[in-house]
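Undergrad: The following block contains the structure, expressed as structure tokens.
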Amino acid sequence: MTRPADPPDARQDSDTRSGARKPTVRQRLRRDRTLLLLCVPGIVYFAVFFYLPLAGNITAFQDYQPYLGFMHSLWVGVDNFQALVQEPEFWTAVWNTLQISAVQLLLYFPAPILLALFLNSLISTRTRRLMQTIVYLPHFLSWVVVVSFFQQMFGGVGTISSVLNDHGVHVGNIMNNPDTFMLLLTSESIWKDAGWGAIIFLAAMASIDPGLYESAAMDGAGWLRRMWHVTLPGIRPVMVMLLILRLGDILSVGFEQVLLQRDMVGADASEVLDTYVYFHGVVDGDWGMSTAAGLMKGVIGFVLIVVANKVAHRLGEQGVYQ
């Protein structure tokens, strides 16, 4: 009869007590070669698409000319940054970006949490799965399809606009209105990605000890109190972590989504940092200033993550990292 294998910890303790030598680096590489091979595609992906492009940030300190390349373009120091902060269009893009981010932080960030609470409250498993499938589907649509759908609903002759106009509620063409552009962007983001974002919170809710709900119910707590005193504290670490990551990405409000609707509402209402970098760099060929703008955006996002993580630690939360 074959003797069952000892667990890894038991083997390690046994080796330590017996004074066995620790495996060398070569032995560990040979032992874990399967896991290391599985990591290779991910490492290559991040190296090629995230780390190698970082070298292009040197353009922010050059008068970059594509036909001269990085090696022979004129080095200008921080002139691109000085020119950038003196340009009114840059501050218009910054102001629009911050306004859109603030609206999305207030309205979009709570949407997946509320949706997850609603789905988690459904008693019927079949109904819950059907609702989850329905709210996940918009995430797989491209922004072209999403913007076209909203155009058909809220455009000048859109379905909802026509119904409201027929009942005496004149809303005009919402898609062309600069005053409602931020709410329109946020509504599109909620419709497209709130269901997908709810997956993380549903997973966090599934990890809550069911005994806590039973104890709360025995104490007379209704659904609302159980949600307030059990569910929300249970998912609070995930909420804090996603909020910190969102703050780090606060200067990115969606390039494709804004670009598709930029001509409808005009640059004054829709110019954000992502479109500013695109038009000044790719379209106008001002690579130095556009790279400087992108680099500033990245640095500010990094600082916000570090500060928010520190604040989370001071408040007793785990944060993104220790």
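All residue numbers for the sequence shown refer to UniProt numbering, where the first residue is 1 and numbers rise by one.
Heads up, the beta-carbon is just placed ideally off N, CA and C, and yes, glycines get one too.
What residues in its chain sit with their C-beta under 8 Å from that of residue 194, if we drop five residues either side in the sequence?
TA: 108, 111, 112, 115, 135
Undergrad: Are residue 83 and residue 296 touching if we call contact CB-CB under 8 Å?
TA: no
Undergrad: Quick one: Cα of residue 131 to Cα of residue 192, how far?
TA: 15 Å
Undergrad: Starting from residue 175 and walking both ways along the alpha helix (DSSP H), at which residues does that stretch end?
TA: No alpha helix (DSSP H) holds residue 175; DSSP gives it neither H nor E.
Undergrad: From this set, 88, 57, 72, 68, which residue's C-alpha is nearest residue 78's C-alpha?
TA: 57
Undergrad: Pick from 154, 190, 217: whose alpha carbon is nearest that of residue 104?
TA: 190
Undergrad: On the criterion of 16 or more Cβ atoms from any shown chain inside 10 Å, does residue 220 qualify as buried, or is it exposed?
TA: exposed
Undergrad: Given the structure, does residue 189 come close to the ligand GDP, in the sense that its CB is under 7 Å from one of the ligand's heavy atoms?
TA: The model depicted lacks the ligand GDP and carries no ligand whatsoever.
Undergrad: Would you mind listing the alpha helix (DSSP H) stretches within the stretch 25-61 that are 4+ residues and don't spill past its ends, in chain order?
TA: 25-31, 33-46
Undergrad: Nearest to residue 122 by CA position, among 223, 254, 260, 234, is which residue?
TA: 223
Undergrad: Is residue 257 buried or exposed, if buried means 16 or more other CB atoms sit within 10 Å of its CB?
TA: By the neighbour-count rule (16 or more Cβ atoms within 10 Å), residue 257 is buried.
Undergrad: Can you round the beta-carbon distance between residue 287 and residue 281 to whole angstroms, since I take them to be within the 8 Å contact cut?
TA: 5 Å
Undergrad: Write down the C-beta distance between residue 81 and residue 292 rounded to the nearest angstrom, noting that I regard them as a contact closer than 8 Å.
TA: With 8 Å as the limit, residue 81 and residue 292 qualify as a contact, their Cβ atoms being about 5 Å apart.
Undergrad: In chain order, what are the residue ranges of uninterrupted alpha helix (DSSP H) at least 4 long that sit wholly in the stretch 74-135?
TA: Segments of the alpha helix (DSSP H) lying fully in the stretch 74-135: 79-85, 88-107, 110-121.
Undergrad: Taking just the CA atoms, how far does residue 63 sit from residue 278?
TA: Cα-Cα distance, rounded: 17 Å.
Undergrad: With DSSP as the reference, please indicate the residues paired to residue 63 in a beta bridge.
TA: 74
Undergrad: Just tell me which of 254, 271, 245, 267 has its CA closest to the CA of residue 302.
TA: 245
Undergrad: Taking a contact to mean a Cβ-Cβ separation below 8 Å, would you say residue 213 touches residue 238 in this structure?
TA: Not in contact: residue 213 and residue 238 (Cβ atoms no closer than 8 Å).
Undergrad: Under three-state DSSP, which class holds residue 251?
TA: coil
Undergrad: Using 8 Å as the cut-off, can you tell me whether the stretch 140-148 makes contact with the stretch 202-218, which would need three or more C-beta pairs spanning the two stretches below that distance?
TA: no
Undergrad: Taking the CB atoms as reference points, tell me whether residue 119 and residue 217 lie closer together than 8 Å.
TA: 8 Å or more divides the Cβ of residue 119 from the Cβ of residue 217.
Undergrad: What distance in whole Å lies between the Cβ atoms of residue 99 and residue 324, which are believed to be in contact at a cut-off of 8 Å?
TA: Summary: the structure shown does not reach residue 324, with the chain confined to residues 1 through 322, and so no result is reported for it.
Undergrad: Please report how far the alpha carbon of residue 67 lies from the alpha carbon of residue 97, in whole angstroms.
TA: 33 Å
Undergrad: Looking at C-alpha atoms only, which residue of 250, 240, 249 is the closest neighbour of residue 315?
TA: Taking each of 250, 240, 249 in turn and checking the Cα distance to residue 315, the smallest one comes out for 240.
Undergrad: Report the three-state DSSP secondary structure of residue 284 (helix, strand or coil).
TA: coil
Undergrad: Keeping to the same chain, check which residues put their C-beta closer than 8 Å to that of residue 266; ignore five residues upstream and five downstream.
TA: 178
Undergrad: Give every residue of the same chain whose Cβ lies closer than 6 Å to the Cβ of residue 158, excluding the five residues on either side of it in the sequence, and list them in chain order.
TA: 152
Undergrad: Measure the C-alpha to C-alpha separation of residue 47 and residue 54 and round it to an integer number of angstroms.
TA: 10 Å
Undergrad: State the DSSP-derived secondary structure class of residue 148, mapped to helix, strand or coil.
TA: helix
Undergrad: Can you tell me whether residue 226 is buried or exposed, with buried defined as 16 or more other CB within 10 angstroms of its CB?
TA: Within 10 angstroms of the beta-carbon of residue 226 lie 16 or more other beta-carbons, which makes it buried.
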